[in-house]
Amino acid sequence: MAKRYVVFALVLLMAWTAGAQSFRVSVDASKELGRNFTLLVYDTDSQPRVVKPKGKKGPVTFEDDVKGAVYAELRHRKIDTPLPFFLEGADITIKYNSANPEASAITGSRSNSQLRYQLEQCDGDIGCLAQYVQENPTSPVVPYIFERYVSTSVSYETVAALFRQLGGDAVKSYHYRRLQQRLHQLEALAEGSPIPSFSYTGSDNRTFKIDSVLTGGSYNLIIVGATYCSQCQRIEKEVRGSFKNVHPVVIDVDRQKDGWDAPLLKLLDIDHVPYLILLDKDRRIVARDLRIWQLKRTLEQQPTTANKNKQ
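In short: position in the sequence shown from 1, add 2, done, that's this note's numbering.
Structure below.
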């Protein structure tokens with residue numbers, strides 16, 4: 003029986019090493035930072051594995067194996083911001099920038115050269131990103147760039163179409179799984195979907211469930227703003243004074259217990275104010291992230307005119 007376990011372990015080891023590549027990461031950092039670095043490698047389906055520096059003296063170096071290029075983070079115990087980069091079978095040198103870790107110079111890595119170049123080229127432009135995805139659908143770097151720069155204004159259909167093009171090593175990457183989660187979120191918030199259930203704190207400090215404040219028989223407009231946002235207040239005043247059959251629901255970010263970290267903002271994928279979400283009479287999403295002029299036009303296009311100005 004013991005021999006069987008030994009054979010089984012050897013088979014697993016051979017299977018791993020067959021596709022594994024050795025890497026070495028050397029960190030050029032100031033003496034004040036010491037050896038308080040940790041390397042997190044995101045090549046598993048659950049938690050990242052931790053790689054500690056080799057030895058107790060000399061330059062900070064990390065050595066281990068990876069299968070292809072995988073996402074990693076270099077962290078220092080006293081610095082909150084990690085340095086994101088890609089590991090691969092290569093000798094990689096990092097000139098660590100403690101003031102801005104993401105600006106650290108990385109040499110010896112083809113994947114990181116590709117990453118830095120493409121981030122600078124596209125700079126969040128969805129058209130540029132789309133072309134890059136189409137030209138590199140199997141690159142493990144693509145999901146990272148895609149997930150990082152897809153803004154809340156990009157439609158579900160656009161994200162889904164690009165996501166379907168990914169394959170090969172790209173679908174094995176950590177950020178591919180994050181993109182899946184993002185896609186599910188966008189799908190839940192797509193036009194025609196019912197507004198997700200959530201609770202919020204109102205102006206009188208009471209907690210309300212969104213289902214309890216939405217009215218039937220009329221359009222509902224969720225106005226996510228802040229008490230310090232004058233534009234948000236002007237929008238609320240115009241909606242109340244100029245639109246019939248539109249019921250405004252005002253949610254101020256600064257009244258929520260966790261502020262910008264409030265669960266409802268993550269649920270609704272909101273990262274700025276004012277943010278308008280129009281719901282139809284069945285409480286389904288008509289449109290999101292509207293401007294006030296877009297609200298007027300959107301209402302005019304609905305089967306039942308709901309935005310006739312008061313005389």
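Quick reminder that beta carbons are idealized off the backbone N, C-alpha and C, glycines included.
Leaving out five residues before and five after residue i in sequence, what residues of the same chain have Cβ atoms less than 6 angstroms from its Cβ?
i	result
I224	V251 and I279
Y98	V29, A31 and S106
K259	none
Classify residue i as buried or exposed, calling it buried when 16 or more other Cβ atoms lie within 10 Å of its own Cβ.
i	result
P145	buried
N222	buried
A107	exposed
V135	buried
Y73	buried
E90	buried
G227	buried
Quick one: Cα of residue i to Cα of residue j, how far?
i	j	result
Q49	F39	18 angstroms
I315	G194	Given a span of 3 to 313 for the chain in the structure shown, any question on residue 315 remains unanswerable.
V275	Q235	11 angstroms
D82	G219	50 angstroms
K312	W295	Annotation note: pLDDT 45 at K312 (below 50); position unreliable, coordinate value reported separately. When rounded, the distance between both Cα atoms is 16 angstroms.
L181	F165	8 angstroms
F25	G70	10 angstroms
R257	L297	25 angstroms
T46	H177	12 angstroms
Following the continuous beta strand (DSSP E) through residue i, name the residue where it begins and the one where it ends.
i	result
L315	No answer is possible for residue 315: it lies beyond the span of the chain, which begins at 3 and ends at 313.
Y146	Y146 -> not in any beta strand (DSSP E); alpha helix (DSSP H) instead, spanning V143 to Y151.
A107	A107 to T109
Leaving aside the five residues before and after residue i along the sequence, list all residues of the same chain whose C-beta is less than 8 angstroms from its C-beta, in chain order.
i	result
T209	S201, Y202 and T203
T229	D254, D256 and R257
Could you tell me the boundaries of the alpha helix (DSSP H) in which residue i lies?
i	result
Q123	R112 to C124
R299	I294 to E302
G227	Premise fails: G227 lies in the beta strand (DSSP E), Y221 to G227, not in any alpha helix (DSSP H).
Y98	Looking at the DSSP string, Y98 is not in any alpha helix (DSSP H), and its letter there is neither H nor E.
A288	According to the sequence displayed, residue 288 carries Val and not Ala. First-last for V288: I287 to R290, but that is the beta strand (DSSP E), not the alpha helix (DSSP H).
L131	I128 to E137
Looking at residue i and the ligand SAM, is the gap between the Cβ and the nearest heavy atom below 8 angstroms?
i	result
R179	No copy of the ligand SAM appears in this structure; indeed no ligand is present at all.
What are the uninterrupted segments assigned as beta strand (DSSP E) that are 3 or more residues long and contained completely in the stretch 230-259, given in chain order?
-> 248-254
Contiguous beta strand (DSSP E) assignments of at least 3 residues, all confined to the stretch 25-87 = 39-43, 51-53, 62-68 and 72-78
For the stretch 155-214, which segments carrying the beta strand (DSSP E) assignment without a break, of at least 3 residues, lie completely within its bounds, in sequence order?
-> 201-203 and 209-211
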